[in-house]
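Report on one structure; see the data block that follows.
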Amino acid sequence: MASTLLTDSKIRGLKPKNSAYYTWQAAATRGTGRLGVKTYPSGRKTFVYRYFVSGKEKFIGLGDFPALTLSDATEKARTAAASISDPAKALVEHASLKKLFDDYIADQKARGKRSYDKTQNRINQVLASPHVTPEMPAKDVTPDHIKRILSEFIARDARAGANKVRSNLHAIFNFGLFADNDPANIDKKTVYGLDRNPV
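Here our numbering runs 3 ahead of the position in the sequence shown, where the first position is 1.
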């Protein structure tokens, strides 16, 4: 896990390897949390903020490069650092993509839907895609992410499967949108932070 002074040109120059790896921003102070870039074998690059709670390593996904600029990622990391270092301040984290998927499946089970196991299998394939990560905030998923995921199914000659996955994802994000915007939940914390359906 190399440390370097991150710049836009250095991030652009990070080459994909056989497995994902992190490149961390060089920091003068130890133990304060650190901004980094995770580079995937697919070439995708995403900003992360790493910090420790009771000696346990934790990560917050900040967004993909270059859609999220280095300066904006640095600002997000500063905000995260301020929240983490101040016990009186709660770090606002919206639910991950996996949490949204898990909540949807739990809802389907509670409603007695028999097809939830097939849906579970499809979304497990989505989570295994190199274009998204289970821990990324659900609100950060874009139409481009969805397009790239579906293209994987089509490339495997599974066009019918791609249509089913698209239908499932559309329903899942609608579920999250409704949960966040349900008037009955007005006094509850926003869970997913969704303002649109990316599918």
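Glycine residues also receive a C-beta, built at the ideal position from the N, C-alpha and C atoms.
Quick caveat: nothing in here was measured; it's all calculated off a predicted structure.
Alpha-carbon to alpha-carbon, residue j and residue i
i, j, result
"residue 199", "residue 142", "8 Å"
"residue 17", "residue 64", "18 Å"
"residue 156", "residue 149", "11 Å"
"residue 58", "residue 38", "18 Å"
"residue 61", "residue 167", "34 Å"
"residue 159", "residue 153", "10 Å"
"residue 23", "residue 49", "11 Å"
"residue 12", "residue 70", "15 Å"
"residue 177", "residue 76", "28 Å"
"residue 107", "residue 196", "15 Å"
"residue 121", "residue 179", "20 Å"
"residue 2", "residue 162", "Since the first residue of the chain shown is 4 and the last is 202, residue 2 is not available in this structure."
Bounding residues of the alpha helix (DSSP H) (the contiguous stretch that carries residue i)
i, result
"residue 199", "That residue, residue 199, is in no alpha helix (DSSP H); it is neither H nor E in DSSP."
"residue 12", "11 to 15"
"residue 162", "162 to 184"
Identity of the residues DSSP links to residue i by a beta bridge
i, result
"residue 60", "55"
"residue 50", "40 and 66"
"residue 45", "Bridge partners of residue 45: none, in fact."
Collapsed DSSP secondary structure at residue i in the structure displayed
i, result
"residue 151", "helix"
"residue 136", "coil"
"residue 32", "In this predicted model, residue 32 has a pLDDT of only 49, less than 50, meaning its place in the structure is not dependable; the value taken from the coordinates is given anyway. Looking at residue 32 - three-state DSSP - the assignment turns out to be coil, as it is neither helix nor strand."
"residue 99", "strand"
Continuous beta strand (DSSP E) stretch holding residue i: start and end
i, result
"residue 38", "37 to 42"
Residue-chain proximity (residue i, chain C), Cβ-Cβ < 7 Å
i, result
"residue 56", "In summary, chain C is missing from the structure at hand, where a single protein chain is found."
>> When you compare the region 97 to 104 with the region 141 to 160, are there three or more beta-carbon pairs, one atom per stretch, that lie closer than 8 Å?
In response: Yes: at least three Cβ pairs fall under 8 Å.
> Between the region 171 to 179 and the region 125 to 134, do at least 3 Cβ pairs fall closer than 8 Å?
Replying inline: Contact between the region 171 to 179 and the region 125 to 134 is present: three or more C-beta pairs spanning the two stretches fall below 8 Å.
> Would you say the region 19 to 28 touches the region 43 to 60, given that touching needs at least three Cβ pairs under 8 Å?
Replying inline: As far as the Cβ criterion goes, the region 19 to 28 touches the region 43 to 60, which means the pair count is three or higher.
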